[in-house]
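Protein chains in written order, with this note's numbering: chain G, 762 to 939; chain H, 762 to 939.
Number of protein chains: 2
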Amino acid sequence: MYAVWTGFFKTVVTGQQGSEQVTGFHMAGEMIGFDGIDGDRHEVDAVALEDSQVCVIPFANLQMLAQTMLSLQKQVLRWMSREIVNDHSAMLRLGSMNAEERLTAFLLDLARRLQAHGFSGYSVLLRMSRQEIGSYLGVTLETVSRAFSKLQAAGLLFVSQRQILIADAAGLRQRLER
Amino acid sequence: MYAVWTGFFKTVVTGQQGSEQVTGFHMAGEMIGFDGIDGDRHEVDAVALEDSQVCVIPFANLQMLAQTMLSLQKQVLRWMSREIVNDHSAMLRLGSMNAEERLTAFLLDLARRLQAHGFSGYSVLLRMSRQEIGSYLGVTLETVSRAFSKLQAAGLLFVSQRQILIADAAGLRQRLER
DNA sequence: CGGGACATTGACTTACTTCAAAACTCGTGG
DNA sequence: CCACGAGTTTTGAAGTAAGTCAATGTCCCG
Numbered sequence: 762m763y764a765v766w767t768g769f770f771k772t773v774v775t776g777q778q779g780s781e782q783v784t785g786f787h788m789a790g791e792m793i794g795f796d797g798i799d800g801d802r803h804e805v806d807a808v809a810l811e812d813s814q815v816c817v818i819p820f821a822n823l824q825m826l827a828q829t830m831l832s833l834q835k836q837v838l839r840w841m842s843r844e845i846v847n848d849h850s851a852m853l854r855l856g857s858m859n860a861e862e863r864l865t866a867f868l869l870d871l872a873r874r875l876q877a878h879g880f881s882g883y884s885v886l887l888r889m890s891r892q893e894i895g896s897y898l899g900v901t902l903e904t905v906s907r908a909f910s911k912l913q914a915a916g917l918l919f920v921s922q923r924q925i926l927i928a929d930a931a932g933l934r935q936r937l938e939r
Numbered sequence: 762m763y764a765v766w767t768g769f770f771k772t773v774v775t776g777q778q779g780s781e782q783v784t785g786f787h788m789a790g791e792m793i794g795f796d797g798i799d800g801d802r803h804e805v806d807a808v809a810l811e812d813s814q815v816c817v818i819p820f821a822n823l824q825m826l827a828q829t830m831l832s833l834q835k836q837v838l839r840w841m842s843r844e845i846v847n848d849h850s851a852m853l854r855l856g857s858m859n860a861e862e863r864l865t866a867f868l869l870d871l872a873r874r875l876q877a878h879g880f881s882g883y884s885v886l887l888r889m890s891r892q893e894i895g896s897y898l899g900v901t902l903e904t905v906s907r908a909f910s911k912l913q914a915a916g917l918l919f920v921s922q923r924q925i926l927i928a929d930a931a932g933l934r935q936r937l938e939r
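Given below as structure tokens:
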């Protein structure tokens, strides 16, 4: 298991012949590697998107500790449960939203998580490229770029390369209530 | 937690204003409800697609038992890990495959799971409607129907309403190696 | 036998992709 | 300090896969 200490990661699954799909972005305080418990190999690759520090925790150790520390055992289950819930929202995004809605939902989620970590909930510095956002959202990088431009034209946010300023969070949220 | 004893279920997440997304199908021997551990409510609804029997397991009980039975604790982690891996393949399907590939991957996965449960790996009786398959795969029911017809025209399978006969599993697998 | 739900197929429309060009950013070296 | 070049982002124009709307067909059950 890998606990992100500082920095920012993406996790990627690779299909048979090289088709890549970003399955998530991970910041400080989050865990990576729950996919490797069942099989004996991790199904995803984790890639740092900036200089980062992780704490490597052999799963056997975690499990041993959890036997005596009940709170840790609970925490592991909560982490995994949270990942499952996250993945289900990702499926909802990918399966039943258009490009603009996907980007909106993604941004709101990112801003919320950043805020939970003590950062501003309005000024977001993206660590990932349009390409990577597109992969995560199941659209092309061009579509991501166009969706950004459209949201900016609608006065909901300001975009300058990777610096995003959310001008109207309520307005963004409203766009998801189709 | 709910352990499926007999029958067949779908799980569904509902977006803000009623947009539905099927997040999975579950057959005998599989567990439902890992999404409810973190929050205090389940995020998905489970719906039986035929007469079914489940074993209801209060999570607190499971947790208590797991403390003394090490093997059970491991099993819980394995179940959850497997769900995470499954969700990631679902994301890969939704994010980087076209309609025909999504249906192909879905069918192969379903056949594999049925076979693992002692059923035929070739003759598949679908328990869900085109609508529900479409929701799971992020396409419309018409697109599902057309994809079925196309795979049949290619001689890879035979379709008669909900009865599917996989004629060329290797050929189907090959279609995924784009 | 008839009605209702589900599935298939066709014709048309559209959101997104693809291909291509121009603009911006940033690090490197002259 | 500026110029160059590579990588990234934005924007436009054209093509296409899938959505939408609608008609027809099929199955099941009362």
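Quick reminder that beta carbons are idealized off the backbone N, C-alpha and C, glycines included.
For H:R873, the closest C-alpha among the options H:G768, H:A931, H:V765, H:E781 is that of H:A931.
Spatial neighbours of G:F909 in its own chain (CB-CB distance under 6 Å, excluding positions within 5 residues in sequence) are listed in chain order as V920. Uninterrupted alpha helix (DSSP H) stretches at least 4 residues long and entirely within the segment 870-905 of chain H occur at 891-898, given in chain order.
In terms of Cα proximity to H:V905, the closest of H:Q876, H:A866, H:G879, H:S881 is H:A866. Residues of the segment 848-876 of chain H that bring their beta carbon within less than 7 Å of a beta carbon in chain G comprise D848, H849, A851, M852, L853, L855, G856, S857, in sequence order.
Residue burial is scored here from C-beta neighbours: H:M825 has fewer than 16 other C-beta atoms within 10 angstroms and is therefore classed as exposed.
The beta-carbon distance between G:A764 and G:M792, rounded to whole angstroms, is 6 Å. This is short enough to meet the 8 Å contact definition. Put simply, the backbone Cα of G:Q834 is about 14 Å away from that of G:R843. For a Cβ distance threshold of 9 Å, residue set F795, D796, G797, I798, D799, G800, M841 of chain H lies close to G:S842, ordered along the chain.
Excluding the 5 residues flanking it on each side, H:R923 has same chain C-beta neighbours closer than 7 Å at L886, L887, in chain order. DSSP places G:I798 in the coil class of the three-state scheme, outside both helix and strand. Residue contact with chain H for G:T784: present (Cβ-Cβ distance below 8 Å to some residue of chain H). Taking 8 Å as the threshold, the shortest C-beta distance from H:S780 to chain G falls below it. Here G:M830 is exposed, its C-beta having fewer than 16 other C-beta atoms within 10 Å. For the 8 Å CB-CB criterion, G:M762 and G:G794 form a contact.
Just so you know, the alpha carbons of H:F786 and G:A860 end up roughly 26 Å apart. Exposure of H:A821 is indicated by the presence of fewer than 16 other C-beta atoms within 10 angstroms of its C-beta. Of all residues in the segment 878-898 of chain H, only S896, Y897, L898 place a beta-carbon less than 8 Å from a beta-carbon of chain G. In this structure, the beta-carbon distance from H:E804 to G:H849 falls below 8 Å. Taken through DSSP and simplified to helix, strand or coil, G:S780 comes out as coil.
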